[in-house]
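Structure record follows, encoded as C-alpha coordinates.
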Amino acid sequence: MERLIGIDFGKKRTGIAVSDPLGIFASPLETVLTANIIEYLKKYAAEETIVRFVVGYPTNMNGKPSEAAADVNAFLPGLKAAFPEVEVSLEDERFTSVLAHRAMIDGGMKAKERRNKMNVDKISAAIILQSYLDRTRK
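In terms of this note's numbering, the numbers along the sequence shown are unbroken and rise by one, the last being 144.
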(Lines of atoms letter the chains of each structure in order from A and count residues from 1; the text may use other names and numbers.)
(Lines give C-alpha, C1' and ligand atoms only; values in the text may rest on other atoms or scores of the structure.)
Protein backbone atom coordinates (compact mmCIF):
# COMPACT_ATOMS: atom_id res chain seq x y z
CA MET A 1 0.00 0.00 0.00
CA GLU A 2 1.18 3.49 -0.76
CA ARG A 3 2.24 5.68 2.15
CA LEU A 4 3.52 9.16 2.72
CA ILE A 5 6.18 9.55 5.40
CA GLY A 6 6.49 12.64 7.59
CA ILE A 7 9.91 13.47 8.97
CA ASP A 8 10.72 15.79 11.88
CA PHE A 9 14.50 15.88 11.42
CA GLY A 10 16.75 16.62 14.37
CA LYS A 11 20.48 16.47 15.06
CA LYS A 12 20.09 13.60 17.56
CA ARG A 13 16.62 12.13 16.99
CA THR A 14 14.22 12.12 14.07
CA GLY A 15 10.48 11.67 14.39
CA ILE A 16 8.69 9.61 11.76
CA ALA A 17 5.00 9.60 10.90
CA VAL A 18 3.03 7.70 8.28
CA SER A 19 -0.15 8.34 6.34
CA ASP A 20 -3.01 5.90 6.01
CA PRO A 21 -3.21 4.21 2.58
CA LEU A 22 -5.72 6.80 1.33
CA GLY A 23 -3.48 9.72 2.32
CA ILE A 24 -6.06 11.30 4.61
CA PHE A 25 -4.67 10.84 8.13
CA ALA A 26 -1.18 10.99 9.60
CA SER A 27 -0.14 8.87 12.58
CA PRO A 28 3.04 8.96 14.66
CA LEU A 29 5.20 5.96 13.81
CA GLU A 30 8.58 6.04 15.54
CA THR A 31 11.44 8.17 16.75
CA VAL A 32 14.86 6.94 15.67
CA LEU A 33 18.41 8.10 16.20
CA THR A 34 19.25 10.42 13.33
CA ALA A 35 22.37 8.41 12.55
CA ASN A 36 20.06 5.45 11.75
CA ILE A 37 17.31 7.25 9.82
CA ILE A 38 18.16 6.10 6.28
CA GLU A 39 18.57 2.49 7.44
CA TYR A 40 15.21 2.65 9.27
CA LEU A 41 13.46 4.09 6.20
CA LYS A 42 14.95 1.41 3.94
CA LYS A 43 13.59 -1.32 6.23
CA TYR A 44 10.19 0.37 6.25
CA ALA A 45 10.25 0.70 2.45
CA ALA A 46 10.85 -3.04 2.16
CA GLU A 47 7.41 -3.58 3.74
CA GLU A 48 5.42 -0.60 2.42
CA THR A 49 5.50 1.53 -0.73
CA ILE A 50 6.64 5.05 0.08
CA VAL A 51 5.41 7.59 -2.48
CA ARG A 52 6.51 10.82 -0.80
CA PHE A 53 8.61 12.12 2.07
CA VAL A 54 7.30 15.25 3.76
CA VAL A 55 10.19 16.80 5.64
CA GLY A 56 9.63 19.50 8.24
CA TYR A 57 11.53 22.64 7.29
CA PRO A 58 12.48 25.01 10.12
CA THR A 59 11.63 28.63 9.41
CA ASN A 60 11.63 31.85 11.40
CA MET A 61 8.53 33.94 11.99
CA ASN A 62 9.35 35.96 8.86
CA GLY A 63 9.19 32.76 6.77
CA LYS A 64 12.93 32.62 6.09
CA PRO A 65 14.91 29.45 6.93
CA SER A 66 16.14 29.27 10.52
CA GLU A 67 19.62 28.17 11.58
CA ALA A 68 18.32 24.59 11.98
CA ALA A 69 17.41 24.54 8.27
CA ALA A 70 21.09 23.92 7.51
CA ASP A 71 20.79 20.50 9.19
CA VAL A 72 17.77 19.62 7.05
CA ASN A 73 19.54 20.89 3.94
CA ALA A 74 22.48 18.59 4.74
CA PHE A 75 20.12 15.61 5.24
CA LEU A 76 18.13 15.99 2.01
CA PRO A 77 20.81 14.86 -0.51
CA GLY A 78 21.32 11.60 1.41
CA LEU A 79 17.56 10.99 1.53
CA LYS A 80 17.21 11.66 -2.20
CA ALA A 81 20.21 9.45 -3.00
CA ALA A 82 18.81 6.56 -0.94
CA PHE A 83 15.31 6.93 -2.44
CA PRO A 84 15.72 8.48 -5.91
CA GLU A 85 12.23 7.39 -7.00
CA VAL A 86 10.42 9.01 -4.04
CA GLU A 87 9.26 12.63 -4.16
CA VAL A 88 10.38 14.92 -1.32
CA SER A 89 8.34 17.88 -0.15
CA LEU A 90 9.26 20.45 2.48
CA GLU A 91 6.63 21.58 4.97
CA ASP A 92 6.87 24.54 7.33
CA GLU A 93 7.37 23.14 10.82
CA ARG A 94 6.80 26.29 12.86
CA PHE A 95 4.99 25.57 16.13
CA THR A 96 4.91 21.79 15.65
CA SER A 97 6.53 21.12 19.04
CA VAL A 98 3.99 23.37 20.76
CA LEU A 99 1.14 21.65 18.91
CA ALA A 100 2.59 18.24 19.80
CA HIS A 101 2.63 19.13 23.50
CA ARG A 102 -0.96 20.38 23.26
CA ALA A 103 -2.03 17.17 21.51
CA MET A 104 -0.41 15.06 24.23
CA ILE A 105 -2.17 17.04 26.96
CA ASP A 106 -5.51 16.92 25.15
CA GLY A 107 -5.02 13.18 24.59
CA GLY A 108 -4.56 12.59 28.30
CA MET A 109 -0.89 11.62 28.16
CA LYS A 110 0.74 11.61 31.59
CA ALA A 111 3.30 14.32 32.38
CA LYS A 112 6.16 11.81 32.51
CA GLU A 113 5.35 10.59 28.98
CA ARG A 114 5.04 14.20 27.74
CA ARG A 115 8.59 14.92 28.92
CA ASN A 116 9.90 12.09 26.75
CA LYS A 117 11.26 13.98 23.74
CA MET A 118 10.89 10.87 21.57
CA ASN A 119 7.11 11.20 21.91
CA VAL A 120 7.28 14.88 20.96
CA ASP A 121 9.38 14.10 17.87
CA LYS A 122 7.06 11.49 16.38
CA ILE A 123 3.94 13.51 17.17
CA SER A 124 5.60 16.56 15.57
CA ALA A 125 6.27 14.44 12.48
CA ALA A 126 2.57 13.52 12.38
CA ILE A 127 1.59 17.20 12.63
CA ILE A 128 3.98 18.07 9.78
CA LEU A 129 2.55 15.28 7.62
CA GLN A 130 -1.07 16.09 8.49
CA SER A 131 -0.46 19.74 7.60
CA TYR A 132 0.80 18.66 4.18
CA LEU A 133 -2.12 16.25 3.67
CA ASP A 134 -4.67 18.92 4.63
CA ARG A 135 -3.05 21.56 2.42
CA THR A 136 -2.81 19.35 -0.66
CA ARG A 137 -6.15 17.53 -0.39
CA LYS A 138 -8.29 18.23 -3.43
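Backbone N, C-alpha and C fix where the C-beta goes; we use that ideal spot for every residue, glycine too. Treat the numbers as computed from the prediction; the structure is a model and nothing was measured.
Check: Roughly how many whole angstroms lie between the Cα atoms of A32 and G69?
Finding: If you number the sequence shown from 1, residue 32 lands on position 26. If you number the sequence shown from 1, residue 69 lands on position 63. Cα-Cα distance, rounded: 24 Å.
Note to self: I need the straight-line Cα distance from D77 to P71, nearest angstrom please.
What the structure shows: Residue mapping note: residue 77 aligns to position 71 of the sequence shown, counting from 1. Residue mapping note: residue 71 aligns to position 65 of the sequence shown, counting from 1. Computed Cα separation, rounded: 11 Å.
Checklist line | Residue range of the alpha helix (DSSP H) that includes E53 | finding: If you number the sequence shown from 1, residue 53 lands on position 47. For E53, the enclosing alpha helix (DSSP H) starts and ends at I43 to E53.
Margin query: Looking at chain C, is there any beta carbon in it that lies within less than 8 Å of the beta carbon of F81?
Written below: Absent here is chain C; the protein component of the structure consists of one chain.
Item checked: Endpoints, alpha helix (DSSP H) assigned at G84 -> As a working note, residue 84 is residue 78 in the sequence shown. Residues A75 to A88.
Next item on the list: Find the nearest neighbour of L140 within the set V126, T20, S25 and A51, judged by alpha-carbon distance.
Entry: In the sequence shown, the residue the question calls residue 140 occupies position 134. Strictly speaking, residue 140 in this sequence is Asp, with Leu absent from that position. Nearest of V126, T20, S25 and A51 to D140, Cα basis: S25.
Checklist line | Within the segment 11 to 41, ranges of the beta strand (DSSP E) (whole runs, at least 3 residues) | finding: Inside the segment 11 to 41, DSSP marks whole beta strand (DSSP E) runs of 3 or more residues at positions 19 to 25 and 32 to 39, from first to last along the chain.
Next item on the list: Take the Cβ of V90 as the centre, count every other Cβ of all protein chains shown within 10 Å, and call the residue buried at 16 or more, exposed below.
Entry: In the sequence shown, the residue the question calls residue 90 occupies position 84. According to the sequence displayed, residue 90 carries Pro and not Val. Label assigned to P90: exposed.
Checklist line | Which listed residue (S130, D98, I11 and S137) has its alpha carbon closest to that of I44 | finding: Position 38 of the sequence shown, counted from the start, is the residue given in the question as residue 44. That would be I11, whose Cα lies nearest to the Cα of I44.
Checklist line | Coarse secondary structure for V60, derived from DSSP in three states | finding: As a position in the sequence shown, residue 60 is number 54, starting the count at 1. In the structure shown, V60 adopts extended strand secondary structure according to DSSP, grouped into three states.
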